[in-house]
Amino acid sequence: MTDATNGPSGAPILEVENLSKRFGGFVALENISLAVAAGERLGLIGPNGSGKSTLVNCICGTLRNEQGAVRFDGRRLDGLDAHQRTHLGLARSFQLPRPFVTLTLADNVRIPLLYTVASRGIHLSSRSIEERCRFLLREVGLDAKARHLPRDLTQVEMRKLELARAMAAEPKLLMADEAMAGLTHSEVEDILALLVRLNEQGVTIILIEHIMSAVMSFSRRLVVLVSGRKIADGDPNDVVHDPEVERAYLGQ
Amino acid sequence: MRTPLFLLIWLGIAALAYAIAVALGNDYIFFAGYVVLQYVVLATAWNILGGYCGYVNFGSAAFFALGAYSTVAFYKYITENEFYRLPMPVLMLIGGAISGFVGFGMGYLTLRLRGAFFAIATLALAVVLQTLVVNWDYVGGSRGAYIVRPEEIAPIGSYIRYLFLVMLVLAVAAITIARLIEHSRLGYGFATIRDDELAAEACGVPTLKLKLIATTISGALMGMAGAPFPYYIGYLQPASTFGLDYAVNSIAMPLIGGTTSWIGPLIGAVLLGSLQQIATVTISSAVNLLIVGCLLVGFVIVAPNGVVGLVHTYLQRKPEDFVGRRRVGTDSPEAVP
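Order-wise, the sequence lines are chains A and B.
Take the first sequence: its position 104, counting from 1, is numbered 111 in the numbering used here, and each next residue is one higher.
Take the second sequence: its position 337, counting from 1, is numbered 548 in the numbering used here, and each next residue is one higher.
1) Can you tell me whether DSSP reads Glu185/A as helix, strand or coil?
2) Under a Cβ-count criterion, where at least 16 other Cβ atoms within 10 Å of its own Cβ denotes burial, should Pro441/B be classed as buried or exposed?
3) Among all the DSSP beta bridges, which residues are the ones paired with Leu49/A?
4) Would you kindly check if the distance between the Cβ of Thr211/A and the Cβ of Leu180/A is under 7 Å?
5) Identify whether Ala284/B lies in helix, strand or coil by the three-state DSSP scheme.
6) Are the C-beta of Ile118/A and some C-beta of chain B separated by less than 7 Å?
7) I need the DSSP call for Pro530/B, collapsed to helix, strand or coil.
8) For Ala89/A and chain B, any beta-carbon pair shorter than 7 Å?
9) If you measure between the beta carbons of Thr69/A and Ala89/A, is that distance less than 7 Å?
10) In this structure, does DSSP put Ile364/B in helix, strand or coil?
11) I'd like to know whether the C-beta atoms of Ser100/A and Ala183/A end up nearer to each other than 7 Å.
12) Between the alpha carbons of Ala450/B and Asp348/B, how many angstroms are there, rounded?
13) Comparing the C-beta of Arg399/B with each C-beta of chain A, is any distance below 7 Å?
14) Mind listing which residues of the region 169 to 190 of chain A have their C-beta closer than 7 Å to chain B's C-betas, in chain order?
15) Taking Ile309/B and Ile428/B to be in contact with their CB atoms under 8 Å, please state how far apart those CB atoms are, rounded to whole angstroms.
16) For the region 348 to 358 of chain B against the region 214 to 230 of chain A, are there 3 or more C-beta pairs whose distance is under 8 Å?
17) If you follow the alpha helix (DSSP H) that Asn237/B is part of, which residue opens it and which one closes it?
18) Under a three-way DSSP split, which group does Ala176/A fall into?
19) Quick check: Ser40/A and Gln74/A, are their CB atoms within less than 7 Å of each other?
20) List the residues of chain B whose Cβ lies closer than 8 Å to the Cβ of Val108/A, in chain order.
21) Whose C-beta lies closer than 7 Å to the C-beta of Ala76/A among residues of the same chain, with five residues either side of it excluded?
22) Based on Cα-Cα distance, which residue from Gly56/A, Leu97/A, Asp240/A lies nearest to Cys414/B?
23) Could you tell me whether the Cβ of Thr161/A comes closer than 7 Å to any Cβ of chain B?
24) From the DSSP output, read off the bridge partner residues of Ser100/A.
25) Quick check on His130/A - is its C-beta less than 7 Å from some C-beta in chain B?
26) In this structure, does DSSP put Asn55/A in helix, strand or coil?
27) For Met303/B, collect the residues of the same chain with a Cβ closer than 6 Å to its Cβ; drop the 5 residues on either side in sequence, then sort them by chain order.
28) Determine whether the Cβ of Thr61/A lies closer than 7 Å to any Cβ atom of chain B.
29) What is the residue span of the alpha helix (DSSP H) that Asp197/A lies within?
30) May I ask which residues mark the beginning and end of the alpha helix (DSSP H) holding Ile331/B?
31) Would you say Leu232/A faces chain B, with C-beta separation under 7 Å as the test?
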């Protein structure tokens, strides 16, 4: 196991230190340590039930970790509510899209603008909010459906909405939890291109994914979780050829 | 429409309603109208928590009764101590403050409860408060309390006209507050709580804080609606003040009218409230809850989104654009191949 390394752009934006999480007697995460550098593209893989989503939930504050610490942008996150972490610049998309079903698409992306962006002391006029909503929906190709309700969307559009909403919060770090599961090849390409574009704008991205081709083409660094433990961390090509990873996850 | 303009228009409508009631010259209109207006306030207040945030409150009667009993307590204190008689609006503010405080407390205690569990907790709150009042001798306990209503009040005339007028103003205030919330940042926040709290938090919405704001505003408005009630009824008794009518009506009215906008509870309360008043005179007051039950079943089957939902669906069928928040663009589902 390699130690947490600082990426090309220096200081880590996210530091997870000896994080453990139990559900009753079941150990979901055990002593996870991870440092993510600003601007990095990190892939997080592991078999079903290996604790990937639990890790995301602990970092985002949806779940509380019993042990260990999470630091983001130099601040300790433990004890902060999920919305406070979002205000600090952490954003996530959900594994199963969770749109606000009674709000239109434009209103869906409006929420982070009203709550997260405003919490940073940036007060947008209602017109610039309107423009920003349009812009975000155009970014993901949903501007034609701005006034529709989420129930009118297809699966891939739902995931694009999920990403647009995460982008609306203007995060420093985005965790995309299986943003591509169940999509066709070209749809996966669409979402990948979107994530790369975001990364080029300076957003650090953690991609949690099962589709190996997508993970390999996107990630500059790969972390493997198996049964709640981190078994590998490093260059994607080295990691997939690691004997332990092959045995536990890829090969069999 | 800007809020001041909205308020002006509704004050105009209220003035017109009052003028018509005066012109009819029969005090019964005021007695019946008072009850309808009281339900407009209760339904609007319920909808702020139940419709906007999706938290079903079965304890409306408790908040209403709190307002009523705060008036009784002050009335007793005043008559016993020869104290300056507090004007009705002040009593309403006191009742509202007490109910708002209890609403805040209820919100705080039930922060982590959702759905049916929240509903049961609010029901439990009503039972606890009723038990407290029944055992509080100062406000009459289970015997109830008598309030002597003044005959006249200058310059309005008979006291019931005054009560009607006060309730009319409160109703206008309530729908203005509801509409203000609906079109504000707070309203969007409430809607995200109704739809998905986890996603709301992930978008930066402080859901717990917003829930507390909702329970406080909703509770305060219900208490304000209850404060003049002892003067209206003359004899206040726990069993009827904490009665099922208030809890059921304040849920049924928004559901029948439509819960997503301020106009739904208004439509529901005016419809159902008037119907109940007519039924009370023509058939019997005992039939009131039956009417509510039948209408509710009917609406759940025919129009689950209430009158507002019905109108909305009707308008959506038309291809041309219409004004509204959820407008259908040129690319409506029908137009897409």
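Where is the CB? At the ideal position from N, CA and C, for every residue including glycine.
These numbers were taken from a predicted model, which means no experiment stands behind them.
The structure says:
1) Taking the first residue of the first sequence as position 1, residue 185/A is located at position 178. Note: Glu185/A maps to coil in three-state DSSP.
2) Residue 441/B sits at position 230 when you count from the first residue of the second sequence. When all chains shown are included, Pro441/B counts as buried.
3) Position 42 of the first sequence, counting from 1, holds the residue named residue 49/A. Beta-bridge annotation (DSSP): Leu49/A is paired with Ile213/A, Arg228/A.
4) Taking the first residue of the first sequence as 1, we reach residue 180/A at position 173. Taking the first residue of the first sequence as 1, we reach residue 211/A at position 204. Yes.
5) Reading the second sequence from its first residue, position 73 is the one you call residue 284/B. In the three-state reduction of the DSSP assignment, Ala284/B falls in the helix class, which pools H, G and I.
6) Locating residue 118/A in the first sequence gives position 111, where the first residue counts as 1. It does: the Cβ of Ile118/A has a partner Cβ on chain B nearer than 7 Å.
7) Working through the second sequence from its first residue, we reach residue 530/B at position 319. With a pLDDT of 48 at Pro530/B, under the threshold of 50, the predicted position of this residue should be treated as unreliable, though the coordinate-derived value follows. In the structure shown, Pro530/B sits in coil (DSSP, three-state: anything other than H, G, I, E or B).
8) As a working mapping, residue 89/A is identified with position 82 in the first sequence. With 7 Å as the cut-off, Ala89/A counts as an interface residue toward chain B.
9) Against the first sequence, residue 69/A aligns to sequence position 62. Against the first sequence, residue 89/A aligns to sequence position 82. Closer than 7 Å, so yes.
10) Counted from its first residue, the second sequence places residue 364/B at position 153. Three-state result, Ile364/B: strand.
11) Working through the first sequence from its first residue, we reach residue 100/A at position 93. Working through the first sequence from its first residue, we reach residue 183/A at position 176. Cβ atoms of Ser100/A and Ala183/A: closer than 7 Å.
12) As a position in the second sequence, residue 450/B is number 239, starting the count at 1. As a position in the second sequence, residue 348/B is number 137, starting the count at 1. Between Ala450/B and Asp348/B, the C-alpha separation is close to 15 Å.
13) Numbered from 1 along the second sequence, position 188 holds the residue referred to as residue 399/B. This sequence places Tyr at residue 399/B; Arg is not what is there. Proximity of Tyr399/B to chain A, defined by a Cβ-Cβ separation below 7 Å, is satisfied.
14) Arg172, Ala176
15) As a working note, residue 309/B is residue 98 in the second sequence. As a working note, residue 428/B is residue 217 in the second sequence. Not confirmed; about 14 Å, so no contact.
16) With the cut-off at 8 Å, the region 348 to 358 of chain B and the region 214 to 230 of chain A do not touch.
17) Residue 237/B sits at position 26 when you count from the first residue of the second sequence. Unbroken run through Asn237/B: none, as it is neither H nor E.
18) Here residue 176/A is taken as the residue at index 169 of the first sequence, counted from 1. Of the three classes helix, strand and coil, the one that applies to Ala176/A here is coil, per DSSP.
19) Position 33 of the first sequence, counting from 1, holds the residue named residue 40/A. Position 67 of the first sequence, counting from 1, holds the residue named residue 74/A. The criterion of a C-beta distance shorter than 7 Å is not satisfied by Ser40/A and Gln74/A.
20) Taking the first residue of the first sequence as 1, we reach residue 108/A at position 101. Within 8 Å Cβ-Cβ: Asp406, Asp407.
21) Translated into positions along the first sequence, residue 76/A becomes position 69. Glu24, Arg83, Asp85, listed in sequence order.
22) Translated into the one-based positions of the second sequence, residue 414/B becomes position 203. If we check each option's Cα against that of Cys414/B, Leu97/A comes out closest.
23) Here the question's residue 161/A lines up with position 154 in the first sequence. Chain B contact via Cβ: absent.
24) Your numbering for residue 100/A matches position 93 in the first sequence. The partner list for Ser100/A (beta bridge, DSSP) reads Ala183/A.
25) On the first sequence, position 123 is the one that residue 130/A refers to. Taking Cβ atoms only, chain B never reaches closer than 7 Å to His130/A, which makes this a no.
26) By one-based count along the first sequence, residue 55/A stands at place 48. Asn55/A falls in the coil class under three-state DSSP.
27) Within the second sequence, the letter at position 92 stands for residue 303/B. Excluding positions up to five away in sequence, the list reads Met435, Ala438.
28) Residue numbering aside, residue 61/A sits at position 54 when the first sequence is read from its first letter. Cβ-Cβ to chain B under 7 Å: no for Thr61/A.
29) On the first sequence, position 190 is the one that residue 197/A refers to. Here the alpha helix (DSSP H) through Asp197/A covers 192 to 207.
30) Along the second sequence, one-based indexing puts residue 331/B at 120. Per DSSP, Ile331/B belongs to the alpha helix (DSSP H) from 326 to 345.
31) On the first sequence, residue 232/A is found 225 positions in, with the first residue counted as 1. Look at Leu232/A: its C-beta is not under 7 Å from any C-beta on chain B.
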